[in-house]
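A.B. asks: Read in this note's numbering, the sequence shown has 212 at position 214, and its numbers run on one by one without any break.
Sharing a structure here in structure tokens format.
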Amino acid sequence: MRAGSVVLITGASSGIGAATAHLLARHGMRVALVARRQDRLAALEQEIRRDGGEAMALPADLADPAARRRVVEAVEAWWGPVEILINNAGFGYYGLVTETPWEVIERMFTVNVLAMIDLTRLVIPRMQAVGHGHILNVASVAGHIATPPLTVYSATKFAVVGFSEGLRRELRPYGIHVTVISPGPVRTEFGRAASGLEVDPGKVPGGLAPEAVARAIWRALRRPVPEIVVPARYLPAIWIHQAFPRLVDWGATRQGRAWLRHLEEARRRAAEGSGSAPQGPAP
Ligand SMILES: NC(=O)c1ccc[n+]([C@@H]2O[C@H](COP(=O)([O-])OP(=O)(O)OC[C@H]3O[C@@H](n4cnc5c(N)ncnc54)[C@H](OP(=O)(O)O)[C@@H]3O)[C@@H](O)[C@H]2O)c1
């Protein structure tokens, strides 16, 4: 990692991705910004350029395989090989497995998992050719502890964690680093996308600022580590879950039911036109 490194960041139009793009650009990296919302990307590109950084907005729906290829080709044509890939784009859905529409489940796996794997496959050959690179995948604490009503989302994040572990072992001989980062709740638009309700991103109980996750990503790029959990206070919960999963079953079941009741109430109020929904458990 050096100033001028070429970074491809997915999900850069808001939250963790936007904060990471700002921070890495401030450290002199060239950031290619990918997401669907063109207006947000264009505004971010302008802000970064105004602050003296280098940025390129590449609007794309990562569910589309051709769009994924186009994004990587555009970066290579403009700046050269991607040296750092940050697979951050993703979304969740608050709902029981039986109540989650199949199209949502397919799309969630496509964006959260398949797009990550495909982009990784697209950048690896050039990283191998230049002899360095770093792939950083954004998972979640929910990728270690499955948390209803985010069961399907949790499954996608377990896949991110498992993929990152195998990939790290595959790419070790080539000097390419792989890091998986698992944040707890973060104050972003995640809850809005997951609930379909007008949720205030500032009101995630105990939520981290997206800038704090961006700083953890920056630290991992400077000193590569296999995995980061932010904030670290979630580590004991992950260890307890690994050692005594049935103990956690009880608490997670209760929390899931309480959250669903909360959500139903919020949806009912929203349908009546009276306001916003609370945020969910750790995504
Ligand atoms: N917020 C949390 O509490 C939390 C905790 C742990 C992990 N995470 C993970 O952190 C990552 C970033 O989420 P966030 O919290 O920053 O939420 P966010 O503000 O909702 O950001 C999600 C990003 O993903 C992009 N995205 C979604 N679908 C896409 C698609 N089909 N094609 C391209 N881009 C797409 C969105 O952009 P467009 O809508 O413009 O396409 C947006 O930029 C996600 O992987 C999420 O699972 C979040």
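Every residue, glycine too, gets a C-beta built ideally from N, C-alpha and C.
Quantities reported herein were computed from a predicted structural model and do not represent experimental measurements.
1) Does valine 4 pass the burial test, meaning 16 or more other C-beta atoms within 10 Å, or should it be called exposed?
2) Identify the continuous beta strand (DSSP E) that holds glycine 271 and give its terminal residues.
3) Which residues in the same chain have their Cβ closer than 8 Å to the Cβ of alanine 1, if we skip the five residues on either side of it in sequence?
4) Name the one or two DSSP bridge partners that glutamate 52 has.
5) State the DSSP-derived secondary structure class of serine 180, mapped to helix, strand or coil.
6) Per DSSP, what kind of secondary structure is asparagine 86 in: helix, strand or coil?
7) Going by C-alpha distance, which of Leu42, Ala218 and Asp59 is nearest glycine 282?
8) For the segment 98 to 118 against the segment 208 to 228, are there 3 or more C-beta pairs whose distance is under 8 Å?
9) State the DSSP-derived secondary structure class of glutamate 187, mapped to helix, strand or coil.
10) For the alpha helix (DSSP H) that leucine 117 lies in, which residues bound it at each end?
11) In the DSSP assignment, find the unbroken beta strand (DSSP E) run with proline 8 in it and report its ends.
12) Is it buried or exposed, isoleucine 238, if we count other Cβ atoms within 10 angstroms and call 16 or more buried?
13) Where do the N-terminal and C-terminal ends of the beta strand (DSSP E) with leucine 206 fall, by residue?
14) Is it the case that the Cβ atoms of glycine 88 and glycine 9 are separated by a distance below 8 Å?
15) Taking the CB atoms as reference points, tell me whether isoleucine 179 and alanine 137 lie closer together than 8 Å.
16) Which residues share a DSSP beta bridge with alanine 33?
17) Quick one: residues in its chain with C-beta nearer than 7 Å to the C-beta of arginine 105, no 5 flanking neighbours on either side, listed in chain order?
18) Looking at C-alpha atoms only, which residue of Arg34, Val202, Ala64 and Pro63 is the closest neighbour of leucine 56?
19) Applying the criterion that 16 or more other CB atoms from any shown protein chain within 10 Å of the CB defines a buried residue, is threonine 177 buried or exposed?
20) Locate the alpha helix (DSSP H) running through leucine 169, then write down its first and last residues.
21) Using DSSP bridges, identify the partner residues of glutamate 225.
22) At a cut-off of 7 Å, is valine 32 close to ligand 1 when judged by its beta-carbon and the heavy atoms of the ligand?
23) Use the C-beta contact count for glycine 164: other C-beta atoms within 10 angstroms, 16 or more gives buried, fewer gives exposed.
24) Can you tell me which residues form a DSSP beta bridge with valine 136?
25) So does arginine 66 have its beta carbon nearer than 7 Å to some heavy atom of ligand 1?
C.D. replies: Reading from the atomic positions:
1) Residue 4 sits at position 6 when you count from the first residue of the sequence shown. Valine 4 is buried by the Cβ-count criterion.
2) As a working mapping, residue 271 is identified with position 273 in the sequence shown. Per DSSP, glycine 271 belongs to no beta strand (DSSP E) and is neither H nor E.
3) The sequence position of residue 1 within the sequence shown is 3, counting from 1. So the qualifying residues of the chain are His25, Gly26 and Met27.
4) On the sequence shown, position 54 is the one that residue 52 refers to. According to DSSP, glutamate 52 bridges with Arg28.
5) Here the question's residue 180 lines up with position 182 in the sequence shown. Three-state DSSP puts serine 180 in a strand.
6) By 1-based counting over the sequence shown, the position of residue 86 is 88. Asparagine 86 carries a coil assignment under DSSP once its states are collapsed to helix, strand and coil.
7) The structure shown has nothing for residue 282, since the chain only spans -1 to 281.
8) no
9) As a working mapping, residue 187 is identified with position 189 in the sequence shown. Of the three classes helix, strand and coil, the one that applies to glutamate 187 here is coil, per DSSP.
10) On the sequence shown, position 119 is the one that residue 117 refers to. 113 to 128 is the extent of the alpha helix (DSSP H) around leucine 117.
11) As a working note, residue 8 is residue 10 in the sequence shown. This sequence places threonine at residue 8; proline is not what is there. Taken as a continuous stretch (DSSP letters only), the beta strand (DSSP E) holding threonine 8 covers 4 to 8.
12) On the sequence shown, residue 238 is found 240 positions in, with the first residue counted as 1. With fewer than 16 other Cβ atoms from the protein chains shown falling within 10 Å of its own Cβ, isoleucine 238 counts as exposed.
13) For the purposes of this step, residue 206 is taken as the residue at position 208 of the sequence shown. Leucine 206 -> no beta strand (DSSP E), and no H or E assigned at all.
14) Indexing the sequence shown from 1 puts residue 88 at position 90. Indexing the sequence shown from 1 puts residue 9 at position 11. A contact, by the Cβ cut-off of 8 Å.
15) Position 181 of the sequence shown holds residue 179. Position 139 of the sequence shown holds residue 137. Result yes, Cβ atoms of isoleucine 179 and alanine 137 sit closer than 8 Å.
16) As a working mapping, residue 33 is identified with position 35 in the sequence shown. In DSSP, alanine 33 forms a bridge with Pro57.
17) In the sequence shown, the residue the question calls residue 105 occupies position 107. So the list reads Ala61, once near-sequence residues are dropped.
18) The count along the sequence shown starts at 1 and reaches residue 56 at position 58. Checking every option, the nearest Cα to that of leucine 56 belongs to Arg34.
19) Taking the first residue of the sequence shown as position 1, residue 177 is located at position 179. By the neighbour-count rule (16 or more Cβ atoms within 10 Å), threonine 177 is buried.
20) Here residue 169 refers to the residue found at position 171 when the sequence shown is read from its first residue. Its alpha helix (DSSP H) spans residues 149 to 169.
21) Within the sequence shown, the letter at position 227 stands for residue 225. BP columns for glutamate 225 point to Val178.
22) The residue you call residue 32 lines up with position 34 of the sequence shown. Yes, Cβ of valine 32 sits closer than 7 Å to a heavy atom of ligand 1.
23) Taking the sequence shown and counting its residues from 1, one reaches residue 164 at position 166. So glycine 164 ends up on the exposed side.
24) Here residue 136 corresponds to residue number 138 of the sequence shown, with the count starting at 1. Partner residues in the beta bridge of valine 136, as assigned by DSSP, are Ile179.
25) Within the sequence shown, the letter at position 68 stands for residue 66. Arginine 66 Cβ: outside cutoff for every heavy atom of ligand 1.
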